[in-house]
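Peer 1: Once you know that position 258 of the sequence shown is 583 in the working numbering, the rest is easy, because the numbers rise by one and skip nothing. From the three backbone atoms N, C-alpha and C, an ideal C-beta is built for every residue, glycine too.
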Amino acid sequence: MVTVRPHRRRRRWIGRSILLVLVVAVGIGGYLGVQGVVKNFGGPSCRAVASGQEVTFTPEQMANAATITAVAVRRGLPARAATIALATAIQESKLRNIRFGDRDSLGLFQQRPSQGWGTEEQILDPVYASNRFYDELVKVPGYQDMEITKVAQRVQKSAFPEAYADHEREGRVLASTLAGHSPGGLGCRLDAATTARPAASVMTALAREFAVKPTAQGKLLTVRATTAQQAWALASWAVSHAEADGFTSVTVGDRTWTRDRDTQAWTWSRARQPAPATTVVITRH
Numbered sequence: 326m327v328t329v330r331p332h333r334r335r336r337r338w339i340g341r342s343i344l345l346v347l348v349v350a351v352g353i354g355g356y357l358g359v360q361g362v363v364k365n366f367g368g369p370s371c372r373a374v375a376s377g378q379e380v381t382f383t384p385e386q387m388a389n390a391a392t393i394t395a396v397a398v399r400r401g402l403p404a405r406a407a408t409i410a411l412a413t414a415i416q417e418s419k420l421r422n423i424r425f426g427d428r429d430s431l432g433l434f435q436q437r438p439s440q441g442w443g444t445e446e447q448i449l450d451p452v453y454a455s456n457r458f459y460d461e462l463v464k465v466p467g468y469q470d471m472e473i474t475k476v477a478q479r480v481q482k483s484a485f486p487e488a489y490a491d492h493e494r495e496g497r498v499l500a501s502t503l504a505g506h507s508p509g510g511l512g513c514r515l516d517a518a519t520t521a522r523p524a525a526s527v528m529t530a531l532a533r534e535f536a537v538k539p540t541a542q543g544k545l546l547t548v549r550a551t552t553a554q555q556a557w558a559l560a561s562w563a564v565s566h567a568e569a570d571g572f573t574s575v576t577v578g579d580r581t582w583t584r585d586r587d588t589q590a591w592t593w594s595r596a597r598q599p600a601p602a603t604t605v606v607i608t609r610h
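1) Closest to residue 470 by CA distance: which of 591, 556, 523 and 408 is it?
2) How should residue 347 be labelled, buried or exposed, when 16 other C-beta atoms within 10 angstroms of its C-beta is the threshold for buried?
3) Given residue 416, which residues of its chain have a CB within under 6 Å of its CB, disregarding the five upstream and five downstream residues?
4) Between residue 411 and residue 432, which are expected to be in contact by the criterion C-beta below 8 Å, what is the C-beta distance as a whole number of angstroms?
5) Report, in whole angstroms, the separation of the C-beta atoms of residue 454 and residue 413, which I expect to be a contact under 8 Å.
6) Below 8 Å CB to CB, which residues in the same chain sit around residue 599 once its five sequence neighbours on both sides are set aside?
7) Quick check on the DSSP output: the beta strand (DSSP E) that includes residue 572 runs from which residue to which?
8) May I have the straight-line CA-CA distance separating residue 473 from residue 504, to the nearest angstrom?
9) Strictly by DSSP, which residues pair up with residue 379?
10) Rounded to whole angstroms, what is the Cα-Cα separation between residue 519 and residue 609?
11) Looking at the C-beta of residue 494, does it have a partner C-beta in chain B at a distance below 8 Å?
12) For the 8 Å Cβ check, are there 3 or more pairs between the stretch 540 to 559 and the stretch 374 to 384?
13) From residue 439 to residue 516, what does the alpha carbon distance come to, in whole angstroms?
14) Given residue 465, which residues of its chain have a CB within under 8 Å of its CB, disregarding the five upstream and five downstream residues?
15) Can you tell me the Cα-Cα spacing of residue 452 and residue 392, whole angstroms?
16) What separation, rounded to the nearest whole angstrom, lies between the Cα atoms of residue 523 and residue 530?
This is the structure we're talking about:
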């Protein structure tokens, strides 16, 4: 008969306890590792959230959507106008400024030089193309209350008018966030910036799209809006253009978006250095 002495039992108990701790530690480490992979999985992307609905696009697509919306804001058009324009551009070009299409169709709205929309160079300018779309949209009586298929067809004269309705929800979410109606609803997860667009070029773009006068000091660009809503529209524009223009952070009021590869960059956090509610501060790389 073998007798197990008390000190041997203690050693076994201690050994099993150490093994259990190691297993738990490995499990937690594995879980955290998986979470890190999940949070960093996928390429750069931008997410817009409004009224419990969310849509995700590439930074290129979101930047074009921001420009389409900015032109509507500058013209003083209602959010419905931006919704119609965005839904149309999603259907026509998937929000890409493409240089080809059916026959001579070009750009975000697939406008045709042969039909009087402008020259090729003009149509491939997102600001010009957006203005031309709105020029025709506002000529449609009662466009704000019309079904999107009917009003978009009046402007575009498409062979597939019913397709515009497929993107109305996306258009509404984008218009709400990009026009400043849903503060903090837009975020982009991006790789680290390596270059930055010249400050003068960014200032020119902001002046052209929003009719504002930014100021520059070092790596900072400051824009003073007339209302908190316009400030959030400007901030959303900056976040959506962050990849192409090399922005690393955007602050409006007491909220800040910080460039990051993690999914946390889809959201805004409390600003360490708050700005006035109508002031937007953009940090360049």
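Peer 2: Result, derived from the coordinates:
1) Taking the first residue of the sequence shown as position 1, residue 470 is located at position 145. Of the candidates 591, 556, 523 and 408, the one whose C-alpha sits nearest the C-alpha of residue 470 is 408.
2) Residue 347 sits at position 22 when you count from the first residue of the sequence shown. Confidence is the limiting factor: at residue 347 the pLDDT is only 43, short of 50, which leaves the residue's position unreliable, though a coordinate-based value still follows. It is exposed - the Cβ of residue 347 has fewer than 16 other Cβ atoms within 10 Å.
3) For the purposes of this step, residue 416 is taken as residue 91 along the sequence shown, with counting starting at 1. Contacts found: 488, 489 and 492.
4) The sequence position of residue 411 within the sequence shown is 86, counting from 1. The sequence position of residue 432 within the sequence shown is 107, counting from 1. At roughly 14 Å, the Cβ-Cβ gap does not stay under 8 Å, so residue 411 and residue 432 are not in contact.
5) Residue 454 sits at position 129 when you count from the first residue of the sequence shown. Residue 413 sits at position 88 when you count from the first residue of the sequence shown. Actually they do not touch by this definition, with Cβ atoms about 11 Å apart.
6) Along the sequence shown, one-based indexing puts residue 599 at 274. Closer than 8 Å at the Cβ level, and outside the excluded window around residue 599, lie 576, 578 and 579.
7) Looking up residue 572 in the sequence shown gives position 247. Element bounds for residue 572: 572 to 577.
8) As a working note, residue 473 is residue 148 in the sequence shown. As a working note, residue 504 is residue 179 in the sequence shown. About 19 Å.
9) In the sequence shown, the residue the question calls residue 379 occupies position 54. Beta-bridge pairing by DSSP links residue 379 to 374.
10) Position 194 of the sequence shown, counted from the start, is the residue given in the question as residue 519. Position 284 of the sequence shown, counted from the start, is the residue given in the question as residue 609. Going by the C-alpha atoms only, they are around 10 Å apart.
11) No chain B is present in this structure, which holds just one protein chain.
12) no
13) For the purposes of this step, residue 439 is taken as the residue at position 114 of the sequence shown. For the purposes of this step, residue 516 is taken as the residue at position 191 of the sequence shown. Put simply, the backbone Cα of residue 439 is about 41 Å away from that of residue 516.
14) As a working note, residue 465 is residue 140 in the sequence shown. The residues are 471, 476, 479 and 480.
15) For the purposes of this step, residue 452 is identified with residue 127 of the sequence shown, where counting begins at 1. For the purposes of this step, residue 392 is identified with residue 67 of the sequence shown, where counting begins at 1. Spanning the two alpha carbons is a distance of roughly 7 Å.
16) Here residue 523 refers to the residue found at position 198 of the sequence shown. Here residue 530 refers to the residue found at position 205 of the sequence shown. Approximately 11 Å between the Cα atoms of the pair.
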